[in-house]
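Reading through the structure tokens given below for one structure.
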Amino acid sequence: MASAIEKAFEAAKERYAELGVNVDAALETVAGIPLSMHCWQGDDVGGFETESGLTGGGIMATGSYPGKARTADELRQDAEQTFRLIPGRHRFNLHAIYLETGGKKVERDAIGPEHFARWLDWAAERGVGLDFNPTFFSHPLANDGFTLTHPDPAIRGFWIRHGVACRKIGEAFGRRLGTPCITNVWIPDGQKDVTADRQSPRHRLMEALDEIFHEDIDPAYLRDAVESKLFGIGSETFVPGSHEFYLGYAITRRKLLTLDTGHFHPTENIADKISSVLLYLDGVLLHVSRGIRWDSDHVVIFNDEILALAEEIVRGKYLGRVFIGLDFFDASIHRVAAWVIGMRAMAKAMLWALLEPFEQLRELEVARDYTARLILFETMKTLPFGAIWDYYCLQQSVPLDTAVSAVVRRYEHDVTRLRG
Ligand code: RNT
Ligand code: ZN
Numbered sequence: 050m051a052s053a054i055e056k057a058f059e060a061a062k063e064r065y066a067e068l069g070v071n072v073d074a075a076l077e078t079v080a081g082i083p084l085s086m087h088c089w090q091g092d093d094v095g096g097f098e099t100e101s102g103l104t105g106g107g108i109m110a111t112g113s114y115p116g117k118a119r120t121a122d123e124l125r126q127d128a129e130q131t132f133r134l135i136p137g138r139h140r141f142n143l144h145a146i147y148l149e150t151g152g153k154k155v156e157r158d159a160i161g162p163e164h165f166a167r168w169l170d171w172a173a174e175r176g177v178g179l180d181f182n183p184t185f186f187s188h189p190l191a192n193d194g195f196t197l198t199h200p201d202p203a204i205r206g207f208w209i210r211h212g213v214a215c216r217k218i219g220e221a222f223g224r225r226l227g228t229p230c231i232t233n234v235w236i237p238d239g240q241k242d243v244t245a246d247r248q249s250p251r252h253r254l255m256e257a258l259d260e261i262f263h264e265d266i267d268p269a270y271l272r273d274a275v276e277s278k279l280f281g282i283g284s285e286t287f288v289p290g291s292h293e294f295y296l297g298y299a300i301t302r303r304k305l306l307t308l309d310t311g312h313f314h315p316t317e318n319i320a321d322k323i324s325s326v327l328l329y330l331d332g333v334l335l336h337v338s339r340g341i342r343w344d345s346d347h348v349v350i351f352n353d354e355i356l357a358l359a360e361e362i363v364r365g366k367y368l369g370r371v372f373i374g375l376d377f378f379d380a381s382i383h384r385v386a387a388w389v390i391g392m393r394a395m396a397k398a399m400l401w402a403l404l405e406p407f408e409q410l411r412e413l414e415v416a417r418d419y420t421a422r423l424i425l426f427e428t429m430k431t432l433p434f435g436a437i438w439d440y441y442c443l444q445q446s447v448p449l450d451t452a453v454s455a456v457v458r459r460y461e462h463d464v465t466r467l468r469g
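Residue numbering for the sequence shown follows our numbering, beginning at 50 and increasing consecutively.
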């Protein structure tokens, strides 16, 4: 088996070499690109703060596939199994509600790094970097649809303190793990129906964010990011944290801008935004997702949209400035499989993009030989990419695509099926 894969790889490599593509260099690069895997696919954005799981917040996990992680230990076990099925070394992205307090009730404005000690030890032992998110949903003080834009200063203050506490946690993660923790702010605030005053909530949001970010924290430990959204469930008409709001905020406050691929009009091209916003920003965090009609969070697959994203990152040489995180949650299929499908699809897209003869395409463009450019783009689509991907999996000691299902089934049989 291994020798058949190697043989196919050598033949494929020659085909790419004919076009001037260095396959070995692409393999080396892709192995060094960390993807930040979101914890919340593992338990449908439930977390371990309460029994009730995900409530409100304009997002919803649908499906009732059995066997989801019920505790942090189970979630870690599932994440480890997932990492064993993905080539490369990656990161893990936590949300504040995934804290472990040993059963004690700790309010969100009082959480600290100590409540994530076990996550930190786990990540340190495995050499995995951590990212973080304050949780501005699934909480009684978020039930009316407002957090940082809340007109009541007491409620707004509570959420500001939560944001401040989360930055300290992110800083502690970065310090301990020696890699900056991207701490991403997304709030669910918005209005279901025709809205009279759009200005005041936005003004309150700007001031609340300024308070959260008041303290300078060393970017070697913490990078702040802010995430926009077009609409959510129950906030169909007005979302104060729109794209324009956060683009302006990120530029003026030198923050990372989070582009979630499910948070724009369905025909908008998110890949096209990267080279524009990076003229003005230090960096961008991607939340790679797949929007389908009203849902912004289907499992990422190897489709044109993520290929375009990967191509933009590689063509622009943005690998140090575009941080790739995943953000989807599907409770209708096995949750480990959902993670594996999305992570492998993104890694595959990065490898695909690294195998593009970009310089040649650009030269044709400069020479205005659009005929040859289009022919070359079409040619790339049927090159033996699968042979390179298979070899990468072999090299990284992870199963081939064709073997993933059986491994997940076995894990389901041995582990997740036994959960109540
Ligand atoms: C919601 C945002 C946000 C969440 C996570 C759970 O629409 O995309 O990033 O998915 O914070
Ligand atoms: Zn997101």
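All residues carry an ideal CB built from backbone N, CA and C; glycine is no exception.
Exclusion of W208 from the 7 Å shell around ligand 1 follows from its C-beta lying no nearer than that to any non-hydrogen atom of the ligand.
Excluding residues up to 5 positions away in sequence, S277, K278, L279 and S345 lie with their Cβ nearer than 7 Å to the Cβ of H312 in the same chain. Judged by the Cβ position, D309 qualifies as a neighbour of ligand 1 at the 7 Å threshold, a heavy atom of the ligand being closer than this. Three or more Cβ pairs closer than 8 Å define a contact, and the region 98-115 falls short of that threshold against the region 123-130.
For R302, the three-state secondary structure derived from DSSP is helix. Rounded to the nearest whole angstrom, the CA to CA distance from H263 to V155 is 24 Å. The beta carbons of I355 and H347 sit about 12 Å from each other, so the pair does not count as a contact at 8 Å. Where D73 is concerned, the enclosing alpha helix (DSSP H) starts and stops at V72 to A80. Going by DSSP, E276 is part of no alpha helix (DSSP H) but of the beta strand (DSSP E) stretching over L271 to E276.
Look at M86 here: in three-state DSSP terms it is strand.
Look at the beta carbons and you see the region 172-187 touching the region 138-156: at least three pairs across the two are nearer than 8 Å.
The C-beta distance from A359 to T307 rounds to 17 Å, too long to meet the 8 Å contact threshold. Residue state for L449 is assigned as coil, using DSSP reduced to three classes.
Taken from the Cβ of H336, at least one heavy atom of ligand 2 lies inside 7 Å. For V415, there is no enclosing beta strand (DSSP E); the enclosing alpha helix (DSSP H) covers residues F407 to V415.
The three-state secondary structure of T232, taken from DSSP, is strand. Taking C-alpha positions only, I362 is separated from A203 by approximately 42 Å.
A distance below 8 Å separates the beta carbons of R251 and P289. In its chain, beyond the 5 residues on either side, no residue has a beta carbon closer than 6 Å to the beta carbon of R458. With fewer than 16 other CB atoms across the displayed protein chains lying within 10 angstroms of its CB, H462 is exposed. In the three-state DSSP reduction, R339 falls in the strand class (E or B). The beta carbon of G332 sits closer than 6 Å to the beta carbons of L305 and R370 from its chain, once the five residues preceding and following it are set aside; these are given in chain order. With a cutoff of 7 Å, D376 counts as near ligand 2, since its C-beta is closer than that to a heavy atom of the ligand. DSSP lists no beta-bridge partner residue for G435. Annotated as distal: L334 and Y298, with beta-carbon spacing of 8 Å or more.
As computed with DSSP, V371 is found in a beta bridge with V333. When the alpha-carbon of A380 is set against those of G116, F97 and R64, the nearest one is in G116. When distances are taken from the beta-carbon of D273 to the heavy atoms of ligand 1, even the shortest one reaches 7 Å or more. Checking the 7 Å criterion, the Cβ of I319 is out of range of every heavy atom belonging to ligand 1. I261 is positioned such that its CB atom lies closer than 8 Å to that of I209. Counting along the chain, the unbroken beta strand (DSSP E) around S345 starts and ends at D344 to H347.
Here the C-alpha atom of T78 lies approximately 34 Å from the C-alpha atom of G96. Remark: the shortest separation between the CB of H144 and any heavy atom of ligand 1 falls under 7 Å. C-alpha of V389 to C-alpha of D246: approximately 43 Å in a straight line.
Collapsing the DSSP output to three states places D180 in a strand. For T286, the closest C-alpha among the options L328, V243 and A269 is that of V243.
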